[in-house]
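Notes follow once the structure below has been shown.
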Amino acid sequence: MKTIRRGFVLLLILLTAGFLFVSFRERRQTVSVYENRTLAASPEFSLQSAWDGSYWKGWDAYFSDHAARRDQLLRDWTWLQLCVKRQPVVNDVVVTPTVLLPYLGDRDLSHTDFEAVGRDAVERLLPIQEAVEARGGLFLYLEVEGYPSVYRDEFPAMLRPTVDYYRQRAAAFDAAAAEKGLKLLRLQDVLEPKGGCKPYYYKVDHHYTLYGAHEAYLALCARCREEGLELPVLEEPGICPVEAEFLGAYSRKLYELSPVKGEFYSFDLSLVPPYTRWDEGVQTDAPLIAWRPGEPTVRYEAYMGGDRGETVICTERPELPSILIVGDSYTNPVEAFCVCSFNEVRSLDFRYYSGKTLSQYLRDYPADVVVILRDSVNSTIPEGNGDLR
Amino acid sequence: MVFSSFSFLLFFLPAVCLCYFAVPRRFRTARNLILLLFSLFFYFWGEARGVLLMAAVILVSYFSAILIGKAKTKTARRLGLGLELLVCLGVLGYFKYAGWLLSMANSLLGLRLPAPELLMPIGISFFTFQSMSYVFDVYQGKVAPQRNLLCVSLYVSLFPQLVAGPIVRYGSVAKELVSRRESAEEIYEGLQRFLMGLGKKLLLANAFGREAAAVFGMDPAVRSSPSAWLGAVCFTLQIYFDFSAYSDMAIGLGRVFGFHFPENFNYPYISRSVTEFWRRWHISLSAWFRDYVYIPLGGSRRGLPRQILNLLAVWALTGLWHGASWNFVLWGLYYFVLLVLEKCFLGRLLERLPRVLGHVYTLLAVTLGWVLFNCTEPGQLGVYLRELFSFRGSFDHVLLALRQNIPEFVFGLALCTPLPLKLFRLGQDKPWAEALRCLWLLAVLALSVLALAGSSFNPFIYFRF
Numbered sequence: 006m007k008t009i010r011r012g013f014v015l016l017l018i019l020l021t022a023g024f025l026f027v028s029f030r031e032r033r034q035t036v037s038v039y040e041n042r043t044l045a046a047s048p049e050f051s052l053q054s055a056w057d058g059s060y061w062k063g064w065d066a067y068f069s070d071h072a073a074r075r076d077q078l079l080r081d082w083t084w085l086q087l088c089v090k091r092q093p094v095v096n097d098v099v100v101t102p103t104v105l106l107p108y109l110g111d112r113d114l115s116h117t118d119f120e121a122v123g124r125d126a127v128e129r130l131l132p133i134q135e136a137v138e139a140r141g142g143l144f145l146y147l148e149v150e151g152y153p154s155v156y157r158d159e160f161p162a163m164l165r166p167t168v169d170y171y172r173q174r175a176a177a178f179d180a181a182a183a184e185k186g187l188k189l190l191r192l193q194d195v196l197e198p199k200g201g202c203k204p205y206y207y208k209v210d211h212h213y214t215l216y217g218a219h220e221a222y223l224a225l226c227a228r229c230r231e232e233g234l235e236l237p238v239l240e241e242p243g244i245c246p247v248e249a250e251f252l253g254a255y256s257r258k259l260y261e262l263s264p265v266k267g268e269f270y271s272f273d274l275s276l277v278p279p280y281t282r283w284d285e286g287v288q289t290d291a292p293l294i295a296w297r298p299g300e301p302t303v304r305y306e307a308y309m310g311g312d313r314g315e316t317v318i319c320t321e322r323p324e325l326p327s328i329l330i331v332g333d334s335y336t337n338p339v340e341a342f343c344v345c346s347f348n349e350v351r352s353l354d355f356r357y358y359s360g361k362t363l364s365q366y367l368r369d370y371p372a373d374v375v376v377i378l379r380d381s382v383n384s385t386i387p388e389g390n391g392d393l394r
Numbered sequence: 004m005v006f007s008s009f010s011f012l013l014f015f016l017p018a019v020c021l022c023y024f025a026v027p028r029r030f031r032t033a034r035n036l037i038l039l040l041f042s043l044f045f046y047f048w049g050e051a052r053g054v055l056l057m058a059a060v061i062l063v064s065y066f067s068a069i070l071i072g073k074a075k076t077k078t079a080r081r082l083g084l085g086l087e088l089l090v091c092l093g094v095l096g097y098f099k100y101a102g103w104l105l106s107m108a109n110s111l112l113g114l115r116l117p118a119p120e121l122l123m124p125i126g127i128s129f130f131t132f133q134s135m136s137y138v139f140d141v142y143q144g145k146v147a148p149q150r151n152l153l154c155v156s157l158y159v160s161l162f163p164q165l166v167a168g169p170i171v172r173y174g175s176v177a178k179e180l181v182s183r184r185e186s187a188e189e190i191y192e193g194l195q196r197f198l199m200g201l202g203k204k205l206l207l208a209n210a211f212g213r214e215a216a217a218v219f220g221m222d223p224a225v226r227s228s229p230s231a232w233l234g235a236v237c238f239t240l241q242i243y244f245d246f247s248a249y250s251d252m253a254i255g256l257g258r259v260f261g262f263h264f265p266e267n268f269n270y271p272y273i274s275r276s277v278t279e280f281w282r283r284w285h286i287s288l289s290a291w292f293r294d295y296v297y298i299p300l301g302g303s304r305r306g307l308p309r310q311i312l313n314l315l316a317v318w319a320l321t322g323l324w325h326g327a328s329w330n331f332v333l334w335g336l337y338y339f340v341l342l343v344l345e346k347c348f349l350g351r352l353l354e355r356l357p358r359v360l361g362h363v364y365t366l367l368a369v370t371l372g373w374v375l376f377n378c379t380e381p382g383q384l385g386v387y388l389r390e391l392f393s394f395r396g397s398f399d400h401v402l403l404a405l406r407q408n409i410p411e412f413v414f415g416l417a418l419c420t421p422l423p424l425k426l427f428r429l430g431q432d433k434p435w436a437e438a439l440r441c442l443w444l445l446a447v448l449a450l451s452v453l454a455l456a457g458s459s460f461n462p463f464i465y466f467r468f
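Heads up: the sequence lines are chains A and B, in that order. Residues in the first sequence are numbered from 6 upward in steps of one, following the numbering used here. Residues in the second sequence are numbered from 4 upward in steps of one, following the numbering used here.
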């Protein structure tokens, strides 16, 4: 008995020492790919930070983020929940046999005056539309169906009211847009006759696929042509899957342990005219799709190299119109196609861009076409790209 | 610093053990000094500013006890006790209740007094109560005043029980402060208890906490009655596993260093009455109020009306001890009413009824009590109670939560009874049983480390007090 007990205590000491040893020996990571976030850095000491406790809290976060084999521990914990416990929700991902969905159970659903919410969102956009049209430009609000809304029926019943809540907000926005004359183009209306939205959306990532983005681009070009703008359209872009594992936002959260997989698509980049590109004001040779053959994994962020505050692309074809696209990551693959059709493509993401307000930006860069591209779940959210001023 | 953190498990605990056990046992003072320094650092890590406050409380308690011990007259003894009460209750009142009282006065009397926005030092309710119990006991002649400041400092600040109890009486550790026997057996028992507590916290309390937080934070418009019951049950389980886990870890760590802290929980959810529940829940706090408030006020010795008045005082104070908010006062008074009813007639009635009815009544009463406890926002309680008793709405959320936490509910409900511990202790002296126990504990440790790595949801509820 004594031997077992002493052996147990000794084992615990050895395990702790081993864990500590590995923690110190391991190469420090600064970013967690699976969590898509920067890991905590070691805190800077100052008397103030030690006194107010932030220094010690910093160490708590640091030790937590840099524990030995942390990725492996997280993967094992996820595996336990996914494969052993078979939880319906793991790491904030709703797991279904066919699609991975966001967990929406913790959302604030208190704004139930949908009419007012829709009207407010539209009224924030109308001054921009008026300003663009006043100088002869074309304004367009391109609404793409939000991922939860596309897969509404795949959610467990208890989570559907949240999706329906966002659908009601989006419907109120659409109604207000029609009433007040906001130029709205709904991708959903384009995709409905083609079999609905689902074939055009990933099952492991909260975006449309390149096929969906191409449909959005085609609809945008068609509307430009209807308004009398002459531009070439890339009808057959040669979309094909790349030979790499696609790390979708949701499959990544599950450490690729889910059997539900997705494919990442590229298109024939030889069809893109020569261009010069600036990201955040700095010239760059970054490609439109940041994935090279041979790379084992790829993420949605490969389109345009991920979200940026401001991207400018010039193709030196002054006979073609210019376009400004405002929005979040849904805009990225659309921008890549737009390079083929416009002389100058500018994109702004107000989650990261803080240089000017949109009105100021339009005064300095009066694009021929101004597109605000947002998904229906976010169309009434007043923060980030909803706060365009 | 919380026990269930990598900082504590990987750095603090190994460091304190290494330094402590590196010193030979005969150098008791050096060992105590090491424990004291680490305890102060433990507190400094989480509450740097609070260390000075705690040091002041320790010094006042030390000198008050000495004063009482040396006093020749009753007045001088009272002076010593008065000084201790003035400082401890003053500190507690200022940091915990001043803001609340002033804002209440402002709203009731239409005043504009500036309410200080003070950060309440962690564990203030525990270390002030522990200090007062020491001086009370000296005053009542139960223990002799300790002349060694190191011992008093260690008694108040000992890190295992510093921030969330149990509230240890000086008499129960007085001998151990100067002479205790650390042994491999004690270390093994202590680590076993600590690991059980760690598992309860990380694998059960946090899981129930996530569900409870989701329901209590839900928009009332979409919260169904079954969901509201789920939230109440989950919070009931969360608070038990959270708090009893901390006590387990505190008791376990105490044993590693040769201390024997009193038990704080005794399966409260198997009680057949609310009276019994309070004999089993947060035992050290109930005993504190019994010995230092209820009995000095006369207890049950001066007739029923006076006893009821004494109970009212005790339960109003118990509620207030848990927080400066009306819902805590209400929660205390709720138990006062139930206990008085049980004293008058309900207790006798429950004894005559089938046992199961007593259990159902107690669980229902306690669960509703936790709803009172957890609804801190004005208006939230009424809305929540309405939802609980509307008996309508969908079971979808409940089913999802159950599917999400099947093992947690199975183990959680089982661990509310003494059965698992009996199973755990089967074959007490058999080597094979001991080996199985060790394997079980290693599995709990492995799962706890995974849960710790996988979860950032890790606050201890009782750190608020």
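From the three backbone atoms N, C-alpha and C, an ideal C-beta is built for every residue, glycine too.
Residue span of the beta strand (DSSP E) that contains residue i, given as start and end
| i | result |
| --- | --- |
| TYR146(A) | 143-149 |
| CYS319(A) | 315-319 |
Within chain B, the residues that residue i reaches when beta carbons sit closer than 7 Å
| i | result |
| --- | --- |
| GLN53(A) | Going along chain B, no residue has its Cβ under 7 Å from GLN53(A), so there is no contact; the nearest lies around 10 Å. |
| ILE65(A) | Per the sequence shown, the amino acid found at residue 65(A) is Asp instead of Ile. Result: SER8, SER10. |
| LEU259(A) | The premise fails here: LEU259(A) is roughly 12 Å from chain B at the closest Cβ pair, so nothing lies under 7 Å. |
Nonlocal neighbours in the same chain, by C-beta distance under 6 Å from residue i, ignoring five residues either side
| i | result |
| --- | --- |
| VAL376(A) | LEU145, LEU147, ILE330 |
| ARG297(A) | none |
| ARG172(A) | SER154 |
| PRO462(B) | A caution first: PRO462(B) carries a pLDDT of 37, below 50, which makes its placement in the model unreliable, though a value can still be read off. Cβ neighbours of PRO462(B) beyond the five flanking positions: none. |
| VAL317(A) | TRP283, ARG351 |
Residue interval of the alpha helix (DSSP H) (run including residue i)
| i | result |
| --- | --- |
| LEU131(B) | A small fix is needed here, since residue 131(B) is Thr in this sequence, not Leu. Taken as a continuous stretch (DSSP letters only), the alpha helix (DSSP H) holding THR131(B) covers 127-142. |
| CYS229(A) | 215-231 |
| TRP329(B) | 329-344 |
| GLY53(B) | 53-73 |
When the options are compared against residue i, the one with the closest alpha-carbon
| i | options | result |
| --- | --- | --- |
| SER364(A) | ASP65(A), LEU131(A), GLU49(A) | LEU131(A) |
| VAL155(B) | GLY335(B), PHE394(B), TYR297(B), THR32(B) | THR32(B) |
| SER458(B) | GLN383(B), GLU192(B), ASN209(B) | ASN209(B) |
| ALA528(B) | GLY326(B), VAL332(B), SER328(B) | No statement about residue 528(B) is possible, as the shown extent of chain B runs from 4 to 468 and does not include it. |
| THR21(A) | ALA73(A), ALA55(A), ARG10(A), TYR39(A) | ALA73(A) |
| ALA454(B) | LYS203(A), PRO204(A), ARG75(A) | ARG75(A) |
| GLN86(A) | LEU444(B), PRO423(B), PRO410(B), ALA438(B) | PRO410(B) |
| PHE50(A) | TRP61(A), LEU44(A), THR43(A), GLU40(A) | TRP61(A) |
| ALA74(B) | VAL141(B), ALA187(B), ILE311(B), GLU214(B) | VAL141(B) |
| ARG174(A) | ASP125(A), ASP158(A), LYS208(A) | ASP125(A) |
| VAL395(A) | LEU152(B), PRO434(B), GLN407(B) | This structure gives no information on residue 395(A), because the portion of chain A shown stretches from 6 to 394. |
| PRO423(B) | GLY372(B), MET199(B), ALA253(B), LEU86(B) | MET199(B) |
| ALA368(B) | LEU341(B), LEU114(B), GLY350(B), CYS378(B) | LEU341(B) |
The ligand MG heavy atom lying under 7 Å from the CB of residue i
| i | result |
| --- | --- |
| ARG30(A) | With respect to the ligand MG, the structure shown offers nothing to examine, as it has no ligands at all. |
Cutoff 8 Å; reference residue i; Cβ partners in own chain excluding five residues on either side
| i | result |
| --- | --- |
| GLU450(A) | With chain A represented from 6 up to 394, any question about residue 450(A) goes unanswered, as that position is not in the structure. |
| PHE129(B) | GLN164, LEU165, VAL166, ALA167, GLY168, ILE170, PHE468 |
| VAL469(B) | The structure shown does not extend to residue 469(B), since chain B is modelled only from 4 to 468, so the question has no answer here. |
Partners in chain A for residue i, counting only beta-carbon separations shorter than 9 Å
| i | result |
| --- | --- |
| PRO479(B) | With chain B represented from 4 up to 468, any question about residue 479(B) goes unanswered, as that position is not in the structure. |
| ARG52(B) | TRP56, ASP57, GLY58 |
Residue i: contacting residues in chain B (beta-carbon distance under 9 Å)
| i | result |
| --- | --- |
| ALA72(A) | PHE9, LEU13, VAL452, LEU455, ALA456 |
Neighbourhood of residue i by C-beta, 7 Å cutoff - its chain only, sequence neighbours within 5 removed
| i | result |
| --- | --- |
| ILE464(B) | Its pLDDT being 45, under 50, ILE464(B) is placed unreliably by the model, and the measurement read from it follows with that caveat. ILE242, ASP245, PHE246, listed in sequence order. |
| LEU21(B) | none |
| ARG228(A) | LEU145, LEU190 |
| ALA66(A) | ALA45 |
| GLU285(A) | ARG313, GLY314, GLU315 |
Proximal chain B residues relative to residue i, where beta-carbon distance stays under 8 Å
| i | result |
| --- | --- |
| ILE9(A) | PRO434, GLU437, ALA438, CYS441 |
Any chain C beta carbon closer than 8 Å to residue i
| i | result |
| --- | --- |
| PHE68(A) | In the displayed structure, chain C is absent; the protein chains listed are A and B. |
Amino acids of chain A, ordered along the chain, whose beta-carbon sits closer than 8 Å to that of residue i
| i | result |
| --- | --- |
| SER397(B) | ALA162, MET163 |
| LEU187(B) | Note that residue 187(B) is Ala in the sequence shown, not Leu. The answer, in chain order, is LYS7, ARG10, ARG11, VAL14. |
| PRO410(B) | LYS90 |
What runs of the alpha helix (DSSP H), each 4 residues or longer, lie entirely inside the segment 64-147 of chain A?
-> 75-84, 119-139
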